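For reference, the structure is listed below as structure tokens.
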Amino acid sequence: MGVVITNMPASETDFSPSAARLVDSLRDTGYSTEAAFADIIDNSIAAGATKIRIELLYLLGEVRVIFTDNGHGMTEQELVAGMRYGSPKRANPKSLGKFGMGLKTASTAFCERLVVISTRDGSIHSRAWDLGTIRDTDQWQLETPEKDDYLDDHEELEAFCSDSGSGSMIIWEKIDRLIHPGDEKRTIKQLEDLGQDLDAELSAVFARFLDHSEDSCPNVSISLSIGNGNETALHGWDPLCLKLNVNSEGIRVQRLKEKKITVQSGNGEDKYFTLSGSILPNKNDLTSQEEKDVRYTLDNQGLYIYREGRLIWHDGWPQRMYKKESKITRLRVVLNFDHELDDLFSIDFRKSRIIIPKSIRDELKTIIAPWRNHTLRSPAPQASGEQENRSSQRHRPADNAIIKQQGNTKNSEITIEGNKVLIRNKHNPTRTEVDGVHVYANSDVKVIEEDSLPGNVLWDAALDHEGNTCLQLGRSHPFFTRLYATCKDTPDAILALDMILWSLANAEFGTWSEKNKLVMKEFRQHVSDSLNYLSHELPDAEEH
């Protein structure tokens, strides 16, 4: 039965929400800082921008954030329509800015005034939402800013878009939620910290747009400027870290074969998404720089979900799937889907939340389980027919660990001058020449196996060409043969042993003097002799 409305009072026919109440409610939709910035960039990419600049500015006590792009720009009519909450639907369903809410809600989540300036075909237009005005009038009053008040911004936009002749500028003013109030020094420090966080996040979110290697994603350049400083270009970051395999000896990152998962879309058609992944090298097989580059932390393990090439979720493992565990930090899994599965994954307008249906979550666990179990097993050293290659692989974790802590373990000042080794430490306050110390040319190797050492000792102290401690190991010593055979399937045990013996070698340089140098030598010989006898209590090498 239909309902007929006849001459009802205005108070009962007009249920338009209070503008003042609603605009404040929309500020609390749950945007994180990084998600808000990403949402603005989504709109620039949707507008065909190939160049985007983000500025975090502090001038005369005011913080401003400015996004500038060289996209298609907007006519005045399009600008007014775009400023509407729930703006017209974009023609391209793949668009990253598809919900008509992001520009406004992402901006006002952190500022009280949003200004948009856009240019196309030589015409420039601007509009602004000021939350203070909306509260005072309780009406959606869209403002047209005075051109003279934004003259510098107009010129900046036109200069930025000189190559395309079109583009847009988004300005956040009256910022009240982005940083905490403070003096100039504190404010600038907060902006610098924010810039670092944004660099890390946006380089991951838009990696496939930034690296210019994927045909399905347009090529985009994004730069970041903090406090009127130099612009820094963002570089894409791939969680699978396959670049570690480039110019490397052997395969360091194990790539997991891509799987296709078929599902039904909302209209009943069969669609699919893909699942792939990688297993990173053990932490001890990474240099300090590599560890930083791959972002080797507990927080970065797990599932990375991409929609149309844009990273939308990466918070470990989805709920009720797995917990974050240090043992599986090396496992990274990538899920790719397109816009046709937006409803299946319940994408919200912030594009930072997804819901994976239970049936799909169970299928994901079935596929990921073998990858996870493989990661839980300790990696064995890579096999090689060459003894030298085996030994370098065996001690690589120790090499990396020693280099990482080199600054903290330095206990003497050693310089190499031609064929001379000069040492100074707290027991030897003047630089004194040391005889009989082997110097290696490669500063990246700290543990070196030799066929035998003088006196058939187990270890000896050596140096690299920069004067840093190296450890020599004698393969002919019985303890070496039996112990390393016993531990050959336990890389962590080899690492621990290398650390102990290297520390003994390092201690020799820290305590060396003309008076005690013979004592150091005798100490090493006595320990090696004792281990010679004790090694007989270990299993024979061939038993392993």
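To convert, count from 1 in the sequence shown and add 374; that's our numbering. Using N, Cα and C, we set each Cβ at its ideal position, and we do this for glycine too. Being a predicted model, the structure only gives us computed values, none of them experimental.
Just how far apart, CA to CA, sit R706 and S497?
By one-based count along the sequence shown, residue 706 stands at place 332. By one-based count along the sequence shown, residue 497 stands at place 123. Spanning the two alpha carbons is a distance of roughly 48 Å.
With a threshold of 16 other CB atoms inside 10 Å of the CB of S540, please say whether the residue is buried or exposed.
Here the question's residue 540 lines up with position 166 in the sequence shown. Buried.
Assuming V439 is part of the beta strand (DSSP E), what are its boundary residues?
On the sequence shown, residue 439 is found 65 positions in, with the first residue counted as 1. Unbroken beta strand (DSSP E) run through V439: 436 to 443.
Nearest to P803 (by Cα), restricted to the options K732, W886, V901:
The count along the sequence shown starts at 1 and reaches residue 803 at position 429. Comparing Cα-Cα distances from P803 to each of K732, W886, V901, the minimum goes to W886.
Tell me which residue opens and which closes the beta strand (DSSP E) that K633 is part of.
To locate residue 633, count along the sequence shown from 1; it is residue 259. That run of the beta strand (DSSP E) goes 628 to 638.
Straight-line Cα distance separating I553 from I508
Within the sequence shown, residue 508 is the residue found at index 134, counting from 1. Within the sequence shown, residue 553 is the residue found at index 179, counting from 1. The straight-line gap from Cα to Cα measures roughly 23 Å.
If I measure Cβ to Cβ from I776 and keep anything under 7 Å in the same chain, skipping five residues before and after, which residues do I get?
As a working mapping, residue 776 is identified with position 402 in the sequence shown. Only K820, W876 meet the Cβ criterion.
So who's on the other strand from H347, going by DSSP bridges?
Residue 347 falls outside the range modelled here, since the chain spans only 375 to 918, and no answer is possible.
Could you tell me the alpha carbon to alpha carbon distance between L845 and F853, rounded to whole angstroms?
On the sequence shown, residue 845 is found 471 positions in, with the first residue counted as 1. On the sequence shown, residue 853 is found 479 positions in, with the first residue counted as 1. Using only the alpha carbons, I get a separation of about 16 Å.
Give a yes or no on whether the C-beta atoms belonging to V454 and L525 are separated by under 8 Å.
Locating residue 454 in the sequence shown gives position 80, where the first residue counts as 1. Locating residue 525 in the sequence shown gives position 151, where the first residue counts as 1. No.
Specify, as a first and last residue, the run of the beta strand (DSSP E) that D585 falls within.
As a first step, residue 585 is located in the sequence shown; it is residue number 211 there, counting from the start. It is not in any beta strand (DSSP E) - D585 carries neither H nor E in the DSSP assignment.
Curious, which full-length beta strand (DSSP E) runs of at least 3 residues does the segment 502 to 569 contain?
541 to 549
Same chain, Cβ closer than 6 Å to F719, five either side skipped, listed in chain order:
Reading the sequence shown from its first residue, position 345 is the one you call residue 719. So the qualifying residues of the chain are I728.
Would the segment 733 to 742 count as touching the segment 783 to 795 if we require 3 or more Cβ pairs under 8 Å?
no
Spatial neighbours of R898 within its chain, please: C-beta separation below 6 Å, excluding the five flanking residues on both sides.
Position 524 of the sequence shown, counting from 1, holds the residue named residue 898. Once the five neighbours on either side are set aside, the close Cβ partners of R898 are V831.
DSSP has G848 in a bridge; who is on the other side?
Counted from its first residue, the sequence shown places residue 848 at position 474. Note: G848 sits in a beta bridge opposite E824.
Unbroken stretches of the alpha helix (DSSP H), 4 residues or longer, contained in the segment 783 to 812:
none
D398 in three-state terms, based on DSSP
Here residue 398 refers to the residue found at position 24 of the sequence shown. Correct three-state label for D398: helix.
Secondary structure of E486, DSSP reduced to three states:
The residue given as residue 486 occupies position 112 in the sequence shown. Reduced to three states, the DSSP call for E486 is strand.
Using alpha carbons as the reference points, say which of K784, F883, E566, N774 lies closest to Y432.
Sequence index remark: in the sequence shown, residue 432 carries index 58 (1-based). The shortest C-alpha separation from Y432 is found at E566.
Which of helix, strand or coil DSSP assigns to N710:
Taking the sequence shown and counting its residues from 1, the one referred to as residue 710 is at position 336. It is a strand residue.
CB of V708 within 8 Å of CB of Y680, strictly:
By 1-based counting over the sequence shown, the position of residue 708 is 334. By 1-based counting over the sequence shown, the position of residue 680 is 306. Contact flag set, yes.
Among R487, S500, S418, whose alpha-carbon lies nearest the alpha-carbon of T449?
Here residue 449 refers to the residue found at position 75 when the sequence shown is read from its first residue. Here the closest residue by C-alpha is S500.
Tell me the residue span of the beta strand (DSSP E) that contains K697.
Taking the sequence shown and counting its residues from 1, the one referred to as residue 697 is at position 323. Element bounds for K697: n/a, residue is neither H nor E.
If distances are taken between C-alpha atoms only, which option among Y678, E737, F411, Q693 comes closest to I440?
Taking the first residue of the sequence shown as position 1, residue 440 is located at position 66. Answer by Cα proximity: F411.
Please return the same chain residues whose Cβ sits closer than 8 Å to the Cβ of A581, not counting the five positions on each side in sequence.
Position 207 of the sequence shown, counted from the start, is the residue given in the question as residue 581. Hits under 8 Å: G610, W611, D612, L685.
Extent of the continuous alpha helix (DSSP H) to which K889 belongs
The count along the sequence shown starts at 1 and reaches residue 889 at position 515. From DSSP, K889 is part of no alpha helix (DSSP H); its letter is neither H nor E.
Looking at the secondary structure, which residues open and close the alpha helix (DSSP H) in which A455 lies?
Here residue 455 refers to the residue found at position 81 when the sequence shown is read from its first residue. First-last of the alpha helix (DSSP H) with A455: 450 to 456.
Since E824 and L847 are thought to touch, with beta carbons under 8 Å apart, how far apart are those beta carbons, to the nearest angstrom?
Taking the first residue of the sequence shown as 1, we reach residue 824 at position 450. Taking the first residue of the sequence shown as 1, we reach residue 847 at position 473. Right, their Cβ atoms sit about 7 Å apart.
C-beta atoms of S597 and E588 nearer than 8 Å
Sequence index remark: in the sequence shown, residue 597 carries index 223 (1-based). Sequence index remark: in the sequence shown, residue 588 carries index 214 (1-based). Against a cut-off of 8 Å, the Cβ pair of E588 and S597 comes out as no contact.
Are G445 and S542 close, meaning C-beta to C-beta below 8 Å?
Here residue 445 refers to the residue found at position 71 of the sequence shown. Here residue 542 refers to the residue found at position 168 of the sequence shown. Yes, Cβ-Cβ distance for G445 and S542 is below 8 Å.
Spatial neighbours of T403 in its chain, beta-carbon cut-off 6 Å, leaving aside the 5 residues before and after:
Residue mapping note: residue 403 aligns to position 29 of the sequence shown, counting from 1. Excluding positions up to five away in sequence, the list reads T479.
Where does the unbroken alpha helix (DSSP H) through D416 begin, and where does it stop?
Your numbering for residue 416 matches position 42 in the sequence shown. Run containing D416: 407 to 420, per the alpha helix (DSSP H) assignment.
Using only the alpha-carbon positions, how far apart do K778 and N656 sit?
Counted from its first residue, the sequence shown places residue 778 at position 404. Counted from its first residue, the sequence shown places residue 656 at position 282. Roughly 15 Å between the two C-alpha positions.
Inter-residue spacing [alpha-carbon to alpha-carbon] between D443 and A423
What you label residue 443 is simply residue 69 of the sequence shown in a count that begins at 1. What you label residue 423 is simply residue 49 of the sequence shown in a count that begins at 1. Approximately 6 Å between the Cα atoms of the pair.
From the DSSP output, read off the bridge partner residues of W611.
Looking up residue 611 in the sequence shown gives position 237. Paired residue(s): none; W611 is not in a bridge.
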